[in-house]
Amino acid sequence: MEFALVIAVVVIALAFDYTNGFHDAANAIATSISTRALTPKTALLLAAVMNLVGALVSEGVASTIGSGIISPPGDSKGLVVVLAGLIGAITWNLITWWRGLPSSSSHALIGGLIGAGLVASVTVHWSVIVGKVLVPMVVSPLIGFCLAYAVMVAIAWLFRRGSPSRVNRGFRTAQSVSAAALAFGHGLQDAQKTMGVIVLALATAGLHTGSDVPLWVKLAAATAIALGTYAGGWRIMRTLGRRVIKLDPARGVAADLTASSVLYVMAIGLHAPVSTTHTISSAIMGVGATRRLSAVRWGVAGTIVSAWILTIPMSALFAGTTYAVLALVIP
Numbered sequence: 002m003e004f005a006l007v008i009a010v011v012v013i014a015l016a017f018d019y020t021n022g023f024h025d026a027a028n029a030i031a032t033s034i035s036t037r038a039l040t041p042k043t044a045l046l047l048a049a050v051m052n053l054v055g056a057l058v059s060e061g062v063a064s065t066i067g068s069g070i071i072s073p074p075g076d077s078k079g080l081v082v083v084l085a086g087l088i089g090a091i092t093w094n095l096i097t098w099w100r101g102l103p104s105s106s107s108h109a110l111i112g113g114l115i116g117a118g119l120v121a122s123v124t125v126h127w128s129v130i131v132g133k134v135l136v137p138m139v140v141s142p143l144i145g146f147c148l149a150y151a152v153m154v155a156i157a158w159l160f161r162r163g164s165p166s167r168v169n170r171g172f173r174t175a176q177s178v179s180a181a182a183l184a185f186g187h188g189l190q191d192a193q194k195t196m197g198v199i200v201l202a203l204a205t206a207g208l209h210t211g212s213d214v215p216l217w218v219k220l221a222a223a224t225a226i227a228l229g230t231y232a233g234g235w236r237i238m239r240t241l242g243r244r245v246i247k248l249d250p251a252r253g254v255a256a257d258l259t260a261s262s263v264l265y266v267m268a269i270g271l272h273a274p275v276s277t278t279h280t281i282s283s284a285i286m287g288v289g290a291t292r293r294l295s296a297v298r299w300g301v302a303g304t305i306v307s308a309w310i311l312t313i314p315m316s317a318l319f320a321g322t323t324y325a326v327l328a329l330v331i332p
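Anchor point for the sequence shown: position 138 equals 139 in this note's numbering, and the numbering is continuous, going up by one each time.
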């Protein structure tokens, strides 16, 4: 039974990774598509490749997810907790994707593990959750907004004497690089979380020791998120690329590079599983605010922030309910 549960967890984890890819594909390519710097097909292929590369680079975030959120018991109950957490996260991902809301797959996964863990009465590491999840959840969008605003102001000043058409052409070319950098950061952050969950399941079943990630887990998670990214996320892409603010190439580059920088620091420096979605969304709002505050459609932004706030509790609710049901049918 335990081996079958391990297989189920691995399969569902990779399914979550796939939904993460198509749910969050918009993060890396919405700006480059909305400004017509890249065609949709080229942008998706670029994002998929860079997601794959980023997923293979670091294990810091995977370690935080694999050992820092919950400590399930080493039996079938622990595997059911992980399975329920994944199902709760996937459920919220699909709901927000259907509504076109750029919510956080990362926080959906964390919320799912917390909800299932609470219902199962397993150890939940609240100090890690506060220090490496909740604080970065608040700080990273604020940094993204303020830094993107400052970067855009600097760009506007540096190119103030340039021909607008020439400047736009240059930044449209630069968006290929900035989109690749952001897709790399997405792989660095988001695929790591799935790796951490699979390692958690393997350790729970006694099939793995330590927090290092086996090569096959890295390759499987990286491939799943790359395939999901290539599948696209057009509903969310429209929200980020067009509904929040009308972007031009310079603002697209500023938003992408700002968000990428935040993701790299959080993943490599702090091992903190921050949201790619929160970071790029706030960066887009930041560059938009340099035009004028009314240029940002704050009603749309408010809806996005509401989804951010609801992600952890709703994922926890879905996962807790799922665990309660599974506990009745799985001995």
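Backbone N, C-alpha and C fix where the C-beta goes; we use that ideal spot for every residue, glycine too. A quick note: this is a predicted structure, and the numbers were derived from the prediction, not measured.
For P165, the closest alpha carbon among the candidates G61, A251, V81 is that of A251. Judged by beta-carbon spacing, V12 lies beyond the 8 Å limit of A328, meaning their Cβ atoms are not closer than that value. Annotation: N52 to G321 spans about 30 Å, alpha carbon to alpha carbon. Taking a C-beta distance under 8 Å as the contact criterion, A256 and A232 do not qualify as a contact pair. The straight-line gap separating the alpha-carbon atoms of V125 and R161 is approximately 53 Å.
In this structure, the alpha-carbon of V50 lies about 25 Å from that of L248. The DSSP-derived three-state label of V275 is coil.
DSSP lists T124 as the bridge partner or partners of S72. Rounded to the nearest whole angstrom, the C-alpha separation of Y265 and A117 is 30 Å. For F17, the three-state secondary structure derived from DSSP is helix.
Look at the region 90-123 and you find these whole runs of alpha helix (DSSP H), each 4 residues long or longer: 106-120. Between the region 171-188 and the region 101-110, the count of Cβ pairs shorter than 8 Å is below three; the stretches do not touch.
Between T36 and G253, the CB-CB gap stays under 8 Å. In the assembly as shown, R173 is a buried residue. Its beta-carbon has 16 or more other beta-carbons within 10 Å. Its Cα nearest to that of I144, the residue A260 stands out among H24, N21, A260. Three or more Cβ pairs drawn from the region 273-280 and the region 58-72 lie within less than 8 Å of each other, which places the two stretches in contact. Secondary structure note for F172: its alpha helix (DSSP H) is the uninterrupted segment 165-187.
Of all alpha-carbon atoms in F23, A31, V134, L15, the one lying nearest the alpha-carbon of S282 is that of A31.
In the three-state scheme derived from DSSP, where H, G and I count as helix and E and B as strand, R292 is classed as coil. It is roughly 18 Å from the alpha-carbon of S316 to the alpha-carbon of S72. For the 8 Å CB-CB criterion, V7 and L183 do not form a contact. Around the C-beta of T291, 16 or more other C-beta atoms lie within 10 Å, and the residue is accordingly described as buried.
Exposed is the label assigned to V326, since fewer than 16 other Cβ atoms lie within 10 Å of its Cβ. Around the C-beta of T230, 16 or more other C-beta atoms lie within 10 Å, and the residue is accordingly described as buried. The C-beta separation of I313 from H24 comes to about 16 Å, leaving the pair out of contact by the 8 Å criterion. Following the DSSP letters along the chain, one finds D257 inside the alpha helix (DSSP H) bounded by residues 250-265. Only residues of its own chain outside the window of five on either side were considered, and among them K219, A223 have a CB closer than 6 Å to the CB of L57, listed in chain order. Counting along the chain, no alpha helix (DSSP H) covers F160, and no H or E run does either.
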